[in-house]
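Chemist: Can you read through this structure? Questions will come right after.
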Amino acid sequence: MTAANFRVQLEQTVQSRHSRAHPFTQRWVNGELTRNQLGQWAIQQWHFIGNFSQYMAGIYARCPERDVRDYLLENMWEEELAATRHSEYLVRFADACGISRQRFMATGALPTTEALIDWCRTRAFYDHWLVAAAGLNIGLESQVIGIMERVTPPLTERYGFTDADIGYFEVHWKTDGMHSARAYDLVSRHASTPELRSECLARVARATEMRWLFTDGIYRTFVTGEEANVHGLAPTQ
5 MTAANFRVQL
15 EQTVQSRHSR
25 AHPFTQRWVN
35 GELTRNQLGQ
45 WAIQQWHFIG
55 NFSQYMAGIY
65 ARCPERDVRD
75 YLLENMWEEE
85 LAATRHSEYL
95 VRFADACGIS
105 RQRFMATGAL
115 PTTEALIDWC
125 RTRAFYDHWL
135 VAAAGLNIGL
145 ESQVIGIMER
155 VTPPLTERYG
165 FTDADIGYFE
175 VHWKTDGMHS
185 ARAYDLVSRH
195 ASTPELRSEC
205 LARVARATEM
215 RWLFTDGIYR
225 TFVTGEEANV
235 HGLAPTQ
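The numbering of the sequence shown is my numbering, which starts it at 5 and goes up by one.
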């Protein structure tokens, strides 16, 4: 199998369970969520991405390929050393949604968010380095641009946020397309055996399921209320 053919398989695997098609995303796009529900999403997203650079570091430490290490290092730099950290943008967005910094920091992760965090940590430190990169950088991170393309315009058009409020979305909309393209290229080129390609595809498929379940947790807790009682919460309005 050529690298180009394998890349197509990776892309098809992501598209088959892309979270841009999740009901939560669709309600967001339709302008059907409240600001508080958007703020609750920001809190869970903050928990999810808060240690992402550490996962990249775990892959970096075991990766022998210079081009992949360069990619991972750039990814970590953007998360940790940018003028404004991506996680800080989420705090600011939540504030615009009416959730104070104090309340933001005091709100814990949902079980589905914790499950995604644990999955990322395990994959980053125990998988073959390329399989881990496939799962995290393709299965999870490459979805961001597709999601942001859908959810960013409604923030100003339907919800009335200002450009200053939505810095997190603007940053990811502009940068993650390039990130994703490089991840696909690197994994496609370095997956040199049928066994490694099979492992990468399986990990990407599971990553898409994990992201979907992460979004499900937010949707069922804060929108439909199906899980609210389980977590001792009330559906938010």
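Beta carbons: idealized from backbone N, C-alpha and C, even for Gly.
From a predicted model like this one, the values you see are computed outputs, not experimental measurements.
I'd like the list of long-range same chain contacts for E230, defined as Cβ closer than 7 angstroms, with 5 residues on each side in sequence excluded.
Modeler: Around E230: R224.
Chemist: Would you kindly work out how many angstroms separate the C-alpha atoms of A7 and Y75, rounded to a whole number?
Modeler: Distance between the alpha carbons of A7 and Y75 is about 18 angstroms.
Chemist: Answer yes if the region 120-132 comes into contact with the region 60-78, meaning at least three C-beta pairs across the two stretches below 8 angstroms, and no otherwise.
Modeler: Enough Cβ pairs lie closer than 8 angstroms, so yes.
Chemist: On the DSSP letters alone, give me the boundaries of the alpha helix (DSSP H) that G62 sits inside.
Modeler: Note, G62: alpha helix (DSSP H), 56-66.
Chemist: Can you have a look at N9 and say buried or exposed, based on whether 16 or more other CB atoms are within 10 angstroms of its CB?
Modeler: The residue is exposed, with fewer than 16 neighbouring Cβ atoms inside 10 Å.
Chemist: So for G5, helix, strand or coil by DSSP?
Modeler: Sequence check: residue 5 is Met here, not Gly. Reduced to three states, the DSSP call for M5 is coil.
Chemist: Using 8 angstroms for Cβ pairs, my map puts Y188 next to I142. What's the rounded Cβ distance?
Modeler: Between I142 and Y188 the Cβ distance is about 6 angstroms, and since that is below 8 angstroms, they are a contact.
Chemist: Please identify the residue among E153, G171, G139, E78 whose C-alpha is closest to the C-alpha of V33.
Modeler: Out of E153, G171, G139, E78, E153 has the C-alpha closest to the C-alpha of V33.
Chemist: Could you give the distance in angstroms between the alpha-carbon of D167 and the alpha-carbon of V175?
Modeler: For D167 and V175, the distance between alpha carbons rounds to 11 angstroms.
Chemist: Just the C-alpha distance for G139 and G35, rounded to the nearest angstrom, thanks.
Modeler: Roughly 31 angstroms between the two C-alpha positions.
Chemist: Find out if the Cβ-Cβ distance for the pair H22, Q106 is shorter than 8 angstroms.
Modeler: No; because the gap between Cβ atoms is not below 8 angstroms, this pair is not in contact.
Chemist: So for L94, helix, strand or coil by DSSP?
Modeler: Three-state result, L94: helix.
Chemist: Would you give the residue range spanned by the alpha helix (DSSP H) that I47 belongs to?
Modeler: Note, I47: alpha helix (DSSP H), 39-53.
Chemist: Under 8 angstroms between the Cβ atoms of T17 and V155?
Modeler: Not closer than 8 angstroms, so no.
Chemist: Rounded to whole angstroms, what's the CA-CA distance from N79 to C67? Just pull it up for me.
Modeler: One C-alpha to the other measures close to 15 angstroms.
Chemist: For W50, count neighbouring Cβ atoms within 10 angstroms of its own Cβ and tell me buried if that reaches 16, exposed if not.
Modeler: That one is buried.
Chemist: Which class does S184 belong to by DSSP, given the choice of helix, strand or coil?
Modeler: It is helical.
Chemist: Taking the continuous alpha helix (DSSP H) assigned at G221, which residues delimit it?
Modeler: From DSSP, the alpha helix (DSSP H) with G221 extends over 198-226.
Chemist: Return the chain-ordered list of same chain residues with a C-beta closer than 6 angstroms to the C-beta of F173, the five sequence neighbours on each side being excluded.
Modeler: Answer for F173: M152, T156, listed in chain order.
Chemist: Near D169, what residues of its chain come up, given a Cβ to Cβ distance below 8 angstroms and the 5 sequence neighbours on each side ignored?
Modeler: Excluding residues within five positions, the ones whose Cβ falls inside 8 angstroms are R96, F97, A100, L159.
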